[in-house]
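For the sequence shown, our numbering gives the first residue as 28, with consecutive numbering after it. Working notes, beginning with the structure itself.
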Amino acid sequence: MGPGCTWLWGEGPQSRCASAMLLAPFLVAVATAFSGACASCPVLCICRSQVVDCSGQRLFSVPPDLPLDTRNLSLAHNRIATIPPGYLTCYAELRVLDLRNNSLVELPAGLFLTAKRLVHLDLSYNNFSHVAANMFQEAHGLARIDLSHNPWLRKVHPQAFRGLAQLRDLDLSYGGLSFLSLEALEGLPGLVTLQIGGNPWVCGCTMEPLLKWLRNRIQHCSSDSQLAECRAPPEVEGAPLFSLTEESFKACHLTLTLDDYLFIAFVGFVVSIASVATNFLLGITANCCHRWSKASEDEEI
28 MGPGCTWLWG EGPQSRCASA MLLAPFLVAV ATAFSGACAS CPVLCICRSQ VVDCSGQRLF
88 SVPPDLPLDT RNLSLAHNRI ATIPPGYLTC YAELRVLDLR NNSLVELPAG LFLTAKRLVH
148 LDLSYNNFSH VAANMFQEAH GLARIDLSHN PWLRKVHPQA FRGLAQLRDL DLSYGGLSFL
208 SLEALEGLPG LVTLQIGGNP WVCGCTMEPL LKWLRNRIQH CSSDSQLAEC RAPPEVEGAP
268 LFSLTEESFK ACHLTLTLDD YLFIAFVGFV VSIASVATNF LLGITANCCH RWSKASEDEE
328 I
């Protein structure tokens with residue numbers, strides 16, 4: 028090997044410095060990546076290929092630091108009761124968020140402001156009592172929301188799903204819903220599957236618009252259609268929700284004819300006359316009794 032090679036690979040101080048200079052950037056990059064990966068994976072979690080799995084660890088709070096490139100985050104089967112505002116701010120790559128089987132009662136406002144790529148959100152088996160307006164604000168890419176098995180869920184705000192044009196699957200089954208506003212669903216043009224079985228539906232007149240929309244708008248009303256039953260009123264208790272027809276709501280569309288109004292007016296007139304006559308007779312009777320009583324007292328004197 029010629030002298031020119033000795034400067035680069037030889038044993039002298041210059042060659043060692045040159046080798047170190049060449050290797051330094053590579054070693055720094057590897058060390059930084061390694062240390063960053065280790066530091067950003069929370070304790071009790073498993074991090075692999077942009078998937079962070081913290082499920083089943085009896086966590087009472089969300090882990091504070093996650094890898095910035097996290098795409099799939101599972102916090103399922105824990106005891107998490109609250110999520111800090113802005114928790115997802117740094118995780119713009121997040122696609123799947125699994126929060127099932129926790130103790131959540133609400134989500135902080137603006138949680139999804141930067142989670143624009145979120146596609147799947149699982150909130151099942153929690154303690155939500157209502158779905159607030161704009162609860163999913165800015166999460167425009169959501170394709171599936173699972174809110175099933177929230178037994179205290181009583182109300183869904185008409186604006187709860189506003190802006191979720193990509194939503195295809197919505198699961199509201201096995202909650203405490205007795206009514207669902209049609210306005211909450213009308214803004215979901217991509218909705219394909221709606222799970223609503225296992226709720227105590229009140230199948231009164233207010234249910235008719237929703238049923239009409241479901242039959243005309245949804246392509247598949249899910250496989251749980253037979254599980255959706257009426258809890259009230261008594262005459263339809265236990266009946267499958269989708270077995271109700273237009274005939275079932277006939278009483279909601281009763282209209283009065285001219286004859287009906289005349290009959291009601293006549294009955295009202297008769298009742299008024301009868302009331303006046305009754306009061307008149309009672310007055311005469313009272314007056315007679317008073318005179319008779321007074322006459323009896325005079326005779327005794």
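C-beta atoms are modelled at their ideal positions from N, C-alpha and C, and glycine is treated no differently. All figures in this text were calculated on a predicted structure; none of them were measured in a lab.
Query raised in the report: With 16 other CB atoms within 10 Å as the buried threshold, where does residue 200 fall?
Result: One-based indexing of the sequence shown puts residue 200 at position 173. It is buried - the Cβ of residue 200 has at least 16 other Cβ atoms within 10 Å.
Query raised in the report: Do you know whose CA, among 231, 264, 209 and 276, lies nearest residue 244's CA?
Result: For the purposes of this step, residue 244 is taken as the residue at position 217 of the sequence shown. Checked all of 231, 264, 209 and 276; the closest Cα to residue 244 is 209.
Requested in this report: On a CA-only basis, which of 236, 99, 129 and 119 is nearest residue 84? Give me that one, please.
Outcome: As a position in the sequence shown, residue 84 is number 57, starting the count at 1. The shortest Cα separation from residue 84 among 236, 99, 129 and 119 belongs to 129.
Report task. Within the same chain, show all residues whose beta-carbon is closer than 8 Å to that of residue 105, passing over the 5 residues directly before and after it, in chain order. Result -> Here residue 105 is taken as the residue at index 78 of the sequence shown, counted from 1. Listed in chain order, the non-local C-beta contacts of residue 105 below 8 Å within the same chain comprise 81, 82, 83, 84, 85, 86, 87, 128 and 129, local neighbours out to five positions each way being set aside.
Requested in this report: With a 10 Å radius around its C-beta and 16 neighbouring C-beta atoms as the bar for buried, classify residue 153 as buried or exposed.
Outcome: Within the sequence shown, the letter at position 126 stands for residue 153. Residue 153 comes out buried.
Requested in this report: Taking all protein chains shown into account, decide if residue 100 is buried (16 or more other Cβ within 10 angstroms of its Cβ) or exposed.
Outcome: To locate residue 100, count along the sequence shown from 1; it is residue 73. Taking all protein chains in view, the Cβ of residue 100 is crowded by 16 or more other Cβ atoms within 10 Å, so the residue is classified as buried.
Query raised in the report: Would you say residue 95 and residue 125 are within 8 Å of each other, going by their C-beta atoms?
Result: Counting from one through the sequence shown, the residue named residue 95 turns up at place 68. Counting from one through the sequence shown, the residue named residue 125 turns up at place 98. With contacts defined as CB atoms closer than 8 Å, residue 95 and residue 125 fail to qualify as a contacting pair.
Query raised in the report: Any contact of the stretch 186 to 198 with the stretch 162 to 169, i.e. 3+ C-beta pairs under 8 Å?
Result: Segments in contact, yes.
Query raised in the report: Any contact of the stretch 256 to 263 with the stretch 223 to 238, i.e. 3+ C-beta pairs under 8 Å?
Result: Between the stretch 256 to 263 and the stretch 223 to 238, the count of C-beta pairs closer than 8 Å reaches three or more; the two stretches touch.
**Report entry** Per-residue DSSP class, three states only, for residue 73
**Finding:** Walking along the sequence shown from the start, residue 73 turns up at place 46. Residue 73 sits in a strand when the DSSP states are folded into three classes.
Query raised in the report: Where do the ends of the beta strand (DSSP E) carrying residue 221 lie?
Result: One-based indexing of the sequence shown puts residue 221 at position 194. Segment 220 to 222, the beta strand (DSSP E) holding residue 221.
Query - beta strand (DSSP E) segments (min. 3 residues) lying fully within the stretch 97 to 177 - result: As far as the stretch 97 to 177 is concerned, its whole beta strand (DSSP E) runs of at least 3 residues are 99 to 101, 123 to 125, 147 to 149 and 171 to 173.
Query raised in the report: Which whole runs of the beta strand (DSSP E) in the stretch 194 to 230 are 3 residues long or more, in chain order?
Result: 196 to 198 and 220 to 222, all fully within the stretch 194 to 230.
Query raised in the report: Using the C-alpha atoms, what's the distance from residue 144 back to residue 183?
Result: Indexing the sequence shown from 1 puts residue 183 at position 156. Indexing the sequence shown from 1 puts residue 144 at position 117. Taking C-alpha positions only, residue 183 is separated from residue 144 by approximately 24 Å.
Query raised in the report: Is the beta carbon of residue 89 sitting closer than 8 Å to the one on residue 114?
Result: The residue given as residue 89 occupies position 62 in the sequence shown. The residue given as residue 114 occupies position 87 in the sequence shown. Yes.
Query raised in the report: What first and last residue would you give for the beta strand (DSSP E) that runs through residue 258?
Result: Taking the first residue of the sequence shown as position 1, residue 258 is located at position 231. For residue 258, the enclosing beta strand (DSSP E) has its first and last residue at 257 to 259.
Requested in this report: Identify, in the order they occur along the chain, each residue of the same chain with its Cβ nearer than 7 Å to the Cβ of residue 193, setting aside the five sequence neighbours on each side.
Outcome: Sequence index remark: in the sequence shown, residue 193 carries index 166 (1-based). If we look at residue 193 and ignore the five residues flanking it on each side, its Cβ neighbours are 167, 168, 169, 170 and 217.
Query raised in the report: Can you give the Cα-Cα distance for residue 73 and residue 161, rounded to whole angstroms?
Result: Taking the first residue of the sequence shown as position 1, residue 73 is located at position 46. Taking the first residue of the sequence shown as position 1, residue 161 is located at position 134. About 32 Å.
Query raised in the report: Which whole-angstrom value is the C-beta distance of residue 198 and residue 174, which I expect to be below 8 Å?
Result: Within the sequence shown, residue 198 is the residue found at index 171, counting from 1. Within the sequence shown, residue 174 is the residue found at index 147, counting from 1. Rounded to whole angstroms, the Cβ separation of residue 198 and residue 174 is 6 Å, and the two are in contact under 8 Å.
Report task. For residue 64, count neighbouring Cβ atoms within 10 angstroms of its own Cβ and tell me buried if that reaches 16, exposed if not. Result -> In the sequence shown, residue 64 corresponds to position 37, counting from 1. Unreliable positioning characterises residue 64 in this predicted model, as indicated by a pLDDT of 42, which lies under 50. The coordinate reading is nonetheless provided below. By the neighbour-count criterion, in which a residue is buried when 16 or more other Cβ atoms sit within 10 angstroms of its Cβ, residue 64 is exposed.
Query raised in the report: Mind checking whether residue 213 and residue 276 have CB atoms under 8 Å apart?
Result: For this step, residue 213 is matched to residue 186 along the sequence shown. For this step, residue 276 is matched to residue 249 along the sequence shown. Taking a C-beta distance under 8 Å as the contact criterion, residue 213 and residue 276 do not qualify as a contact pair.
Query raised in the report: Can you tell me whether residue 211 is buried or exposed, with buried defined as 16 or more other CB within 10 angstroms of its CB?
Result: If you number the sequence shown from 1, residue 211 lands on position 184. In the assembly as shown, residue 211 is a buried residue. Its beta-carbon has 16 or more other beta-carbons within 10 Å.
Query - Residues of its chain near residue 151, where Cβ-Cβ distance is below 6 Å and the 5 sequence neighbours each way are ignored - result: In the sequence shown, residue 151 corresponds to position 124, counting from 1. Apart from the 5 residues on each side of it in sequence, residue 151 sits with its Cβ closer than 6 Å to the Cβ of 127, 173, 175 and 176 in its chain, given in chain order.
Query - Three-state class that DSSP yields for residue 236 in the structure shown - result: The residue given as residue 236 occupies position 209 in the sequence shown. Note: residue 236 maps to helix in three-state DSSP.
Query raised in the report: Could you check where the alpha helix (DSSP H) with residue 270 kicks off and where it finishes?
Result: The residue you call residue 270 lines up with position 243 of the sequence shown. Per DSSP, residue 270 lies in no alpha helix (DSSP H) and is assigned neither H nor E.
Requested in this report: Count the other C-beta atoms from every protein chain shown that fall within 10 angstroms of the C-beta of residue 279, then say buried if there are 16 or more, exposed otherwise.
Outcome: As a position in the sequence shown, residue 279 is number 252, starting the count at 1. By the neighbour-count rule (16 or more Cβ atoms within 10 Å), residue 279 is not buried but exposed.
Query raised in the report: Roughly how far, in whole angstroms, is the beta-carbon of residue 93 from the beta-carbon of residue 67, given that I think they are within contact range, below 8 Å?
Result: Your numbering for residue 93 matches position 66 in the sequence shown. Your numbering for residue 67 matches position 40 in the sequence shown. Between residue 67 and residue 93 the Cβ distance is about 6 Å, and since that is below 8 Å, they are a contact.
Requested in this report: Go through its chain and collect everything with a Cβ distance to residue 97's Cβ below 7 Å, but skip five positions before and after it.
Outcome: Counting from 1 along the sequence shown, the entry for residue 97 is found at position 70. Here residue 97 has 77, 79, 118, 120 and 121 as same chain residues with Cβ atoms under 7 Å from its own Cβ, once five neighbours each way along the sequence are excluded.
Report task. Please look up how many angstroms separate the CB atoms of residue 237 and residue 215, rounded, as I've assumed it's under 8 Å. Result -> Here the question's residue 237 lines up with position 210 in the sequence shown. Here the question's residue 215 lines up with position 188 in the sequence shown. With a Cβ gap of about 13 Å, residue 237 and residue 215 do not count as contacting.
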